[in-house]
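Per this note's numbering, the sequence shown starts with residue 120, numbered consecutively.
Following: one structure in structure tokens, then a few remarks.
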Amino acid sequence: MKRLLLLLLALLSVPASAQQKPKPNILFLFADDFCYEALGYLGHDIETPNLDRLAKRGTTFTHAYNMGSFSGAVCVASRGQLISGRSVWRTNAIFKTMDKEREAGRLWPQLLKTAGYDTYMTGKWHIQAKAELAFDQVRHVRGGMPDTVDASYNRPLPGKPDPWSPTDKSIGGFWEGGKHWSEVGADDAIDYLDQAKARSNPFFCYIAFNAPHDPRQSPQEYLDKYPLSRIQVPADYRPEYPYKDDIGCGPTQRDEKLGPFPRTEQAVKVHRREYYAIISHLDTQIGRILDQLDNNGQADNTWIFFSADHGLSLGHHGLFGKQNLYDCSVRVPFIVAGPGVKRGERIDASIYLQDVMATTLELAGVAKPTQVEFHSLLPLLRGEQTATNYPAVYGGYLELQRAVTYDGWKLILYPKAKVVRLFHVAADPLEMKDVASDATQSARKKDLFARLLTLQRQFDDKLDLTKTFADL
């Protein structure tokens, strides 16, 4: 008894500064089809007041990328990389057997569970593993997209009435079940935060919205924010992309056939209006979650991450989908807020959105497993590191497209079309001026091609580009 009392007295005498700090909570807010440019605080004409305030209390990574896809459903590859920690082609190798990864305890929420986290999930999953067995609590597991109807495609046509209404609740889609899915996701997140408040364990909330994926539906009040007169056609708009068929972006591709061929400025404006409206509606739901976090007193010890699985073209370059390697499709928003994170800062270093997994593992004190190929962002956020972990950024889509971005330049290759494109993205961010035919760029093309081949080896990309582009 005397020894026990002495031990208790010793523990009580340890100063508070020497006691272990509680592990931080982690709130991951994940959107679908959300282009990096669709944020008000970055100077674009879209209303996102809650994401704007999140950015003000945290740091924005301005050049966050998705590596590409082994599937026409780019979100499948993106989310597979996110949950497994593997790069795109290694994710492809295990994607159909992802549940074996779960059985082995290697998925993101399971790794955090080993560090004592309570784990919660709601919304889009789209991964071939049982979400209900990967998280402690799961609700409303959604597929790749809400059901849609034929009238939402190939519209609007010149001189004809638009057959689609984004506010028509009778056709289901985001309103299947009686309440808009973004609102359901926010409801679930708020309830999870309330549950977590009553528990002593730190929490990991994986809140995955389907918005702003099509069918882009939202209440009328959000459509009213964006009269067509407010919508601008992208500066890189064109009626048709010249290589669309050879790169897998022709009229048979699901995303691309949402709009008519050839593209019209009217169609681009209508689709962008609906896109902005559903984003503003999503922003409102995110605001509800942030308010609850503040009201519960959880914000001071919670790291918040907001990102998306890929971007979306919606008129850029004559394209509508995300099955291309232009920045409008491969770059995403990425905001981090949390204890000690600099407020209102921007970091231009290139990252992959899947770096969020490794970042949270470091926050939780979990050693990064060997299969996790992405990197923690904490050294960049703390100012301990300024250089990117990825000086050359890789991009790939099926066997039809490859790209590398390095030192302000991007090389895009189309193997089937045997086309080379070169853009000085630092000076030409919309990638409008192709200088691949400029004789003075020959050495640059060779250098970028060599870097792309190196990245192919690093990420186990087995597509042979050397014969098709032997003259590079």
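Think of the CB as a built atom: it goes at the ideal place given N, C-alpha and C, for glycine as much as any other residue.
About 12 Å separates the beta carbons of Ala248 and Met240, which is beyond the 8 Å limit, so they are not a contact pair. Residue nearest to Gln314 within the set Pro353, Arg349, Thr371, Gln256 is Gln256 (criterion: CA-CA distance). In terms of Cβ geometry, Met186 and Tyr513 form a close pair [threshold 8 Å]. Here Ser426 carries a strand assignment [DSSP, helix/strand/coil]. Between the alpha carbons of Asp218 and Tyr311 lies a gap of roughly 25 Å. Contact check for Arg521 against His436 fails: the beta carbons are separated by 8 Å or more. In this structure, Pro452 places its C-beta atom within 8 Å of the C-beta atom of Tyr155. Residue state for Ile454 is assigned as strand, using DSSP reduced to three classes. In this structure the stretch 156-172 does not touch the stretch 198-217; the number of beta carbon pairs closer than 8 Å is below three. Less than 8 Å separates the beta-carbon of Gly177 from that of Ile454. In the DSSP assignment, Lys243 is bridged to Arg261.
DSSP places Trp300 in the uninterrupted alpha helix (DSSP H) bounded by 300-316.
Straight through space, the alpha carbons of Asp307 and Ile202 are spaced by roughly 20 Å. Listed as beta-bridge partners of His435 by DSSP are Tyr356. Annotation: Leu148 is outside any alpha helix (DSSP H); the continuous beta strand (DSSP E) that includes it extends over 144-150.
Residue burial annotation: Gln473 is buried, with at least 16 other C-beta atoms found within 10 angstroms of its C-beta. C-alpha of His543 to C-alpha of Val554: approximately 8 Å in a straight line. Between Pro265 and the set Tyr395, Thr179, Gly242, the nearest pair of CA atoms involves Gly242. Cβ-Cβ distances below 6 Å link Gly406 to Asn169 in the same chain, with the five nearest sequence neighbours on each side left out; the list follows chain order.
In terms of Cβ geometry, Phe147 and Tyr325 form a close pair [threshold 8 Å]. Judged by DSSP secondary structure, Thr178 falls within the beta strand (DSSP E) whose first and last residues are 178-180.
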